[in-house]
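J.: Got a structure for you, questions after.
Numbering (full-length UniProt numbering), first residue to last: 1 to 137.
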């Protein structure tokens, strides 16, 4: 996992650790984002159960070459007053933002970035993704 888990100096925004792979689902890059103490419950949607965050609000904005994940703790529980944010400002290649999606799991959020072209993102994935924070340094 990329070692980005730290508290931003000027605010209470936490930059979470993450890992990437493209072996789980063909045509997608999976980004696994660690969010300690994230709790989930199962909810019926159509004919299947999906997991949803219980103690936080999760939003993801997918763009052609970037994404921004924000997990904001609700008013009570372990995530109260905490905000996790992972802003990847430049992906190695383009994604199809309308086909990309996320899933919530205990202690993590899984992002599935739909590749615009079905070609490998290695070796770029090995060096990590370019975050908003890296530009400020």
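For every residue, glycine included, the Cβ atom is placed at its ideal position computed from N, Cα and C.
In terms of DSSP beta bridges, what is residue 44 paired with?
T.: Here residue 44 is taken as the residue at index 44 of the chain shown, counted from 1. Answer is 49, bridged to residue 44.
J.: With residue 103 as the anchor, note down where its beta strand (DSSP E) starts and where it stops.
T.: Translated into the one-based positions of the chain shown, residue 103 becomes position 103. Run containing residue 103: 101-105, per the beta strand (DSSP E) assignment.
J.: Rounding to the nearest angstrom, what Cα-Cα distance links residue 114 and residue 29 in this structure?
T.: Sequence index remark: in the chain shown, residue 114 carries index 114 (1-based). Sequence index remark: in the chain shown, residue 29 carries index 29 (1-based). The straight-line gap from Cα to Cα measures roughly 7 Å.
J.: Apart from the five residues just before and just after residue 97, which ones in its own chain have a Cβ nearer than 7 Å to its Cβ?
T.: Here the question's residue 97 lines up with position 97 in the chain shown. Cβ neighbours of residue 97 beyond the five flanking positions: 62, 63 and 64.
J.: Report the three-state DSSP secondary structure of residue 123 (helix, strand or coil).
T.: Within the chain shown, the letter at position 123 stands for residue 123. Residue 123: coil per DSSP, three-state reduction.
J.: Per DSSP, which residues does residue 13 bridge with? Please list them.
T.: For the purposes of this step, residue 13 is taken as residue 13 along the chain shown, with counting starting at 1. According to DSSP, residue 13 bridges with 83.
J.: Measuring alpha carbon to alpha carbon, tell me which residue in 125, 105 and 119 is nearest residue 42.
T.: On the chain shown, position 42 is the one that residue 42 refers to. When each option's Cα is compared against that of residue 42, the closest is 105.
J.: Based on the DSSP output, what are the partners of residue 130 in its beta bridges?
T.: Here residue 130 corresponds to residue number 130 of the chain shown, with the count starting at 1. DSSP output for residue 130 lists 90 as bridge partner(s).
J.: Does residue 115 come out as helix, strand or coil in the three-state DSSP assignment?
T.: Taking the chain shown and counting its residues from 1, the one referred to as residue 115 is at position 115. Strand.
J.: Could you give the first and the last residue of the continuous beta strand (DSSP E) run that contains residue 32?
T.: For the purposes of this step, residue 32 is taken as the residue at position 32 of the chain shown. 28-34 is the span of the beta strand (DSSP E), which, as asked, contains residue 32.
J.: Can you name, in chain order, every residue of its own chain whose Cβ lies under 7 Å from the Cβ of residue 32, other than the five neighbours on each side?
T.: The residue labelled residue 32 in the question sits at position 32 within the chain shown. Correct list, in chain order: 18, 19, 108 and 110.
J.: Is DSSP giving residue 70 helix, strand or coil here?
T.: Translated into positions along the chain shown, residue 70 becomes position 70. Strand.
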